[in-house]
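Numbering (UniProt numbering), first residue to last: 1 to 113.
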């Protein structure tokens, strides 16, 4: 299984999440944040919580089967792009397993090692 973490611009969240749901990725977690990167947005401002200039960002997280990872990553790339620089970044990590709390059963379909 794979964990996908995508850091995207807040104005692209609605279209990205809708597209993921339409493609069958129903479980997505969103977190608001502030970030710094290689590109500084024009609307970046001094943070009230941290001592550096930053830009608003949304962290989108989802876990999917190995064979679904390429589809999810491409969809996020396609839908999160803007004409401006600094659209964000996607990280993909390996997940050994995942379990539903209600049942205690694994959601891993099969082992693709």
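Glycine residues also receive a C-beta, built at the ideal position from the N, C-alpha and C atoms.
query: Can you name the start and end residues of the alpha helix (DSSP H) that residue 76 belongs to?; result: 69-80
query: Taking residue 84 as the reference, which of 12, 2 and 5 has the closest Cα?; result: 12
query: Determine the burial state of residue 30: buried for a count of at least 16 other Cβ atoms within 10 Å of its Cβ, exposed for fewer.; result: exposed
query: Pull up the DSSP beta-bridge partners for residue 84, would you.; result: BP columns for residue 84 are empty, so no partner.
query: Any contact of the region 1-19 with the region 64-76, i.e. 3+ C-beta pairs under 8 Å?; result: yes
query: I want to know whether the region 70-88 touches the region 16-24 - three or more CB-CB distances under 8 Å.; result: yes
query: Quick check: residue 88 and residue 23, are their CB atoms within less than 8 Å of each other?; result: no
query: In whole angstroms, what separates the C-alpha of residue 60 from that of residue 15?; result: 12 Å
query: Suppose you measure from the CA of residue 27 to the CA of residue 96; what does that come to, to the nearest Å?; result: 18 Å
query: What whole-angstrom Cβ distance do residue 34 and residue 58 have, given they're in contact under 8 Å?; result: Rounded, the Cβ-Cβ distance is 11 Å, inconsistent with contact.
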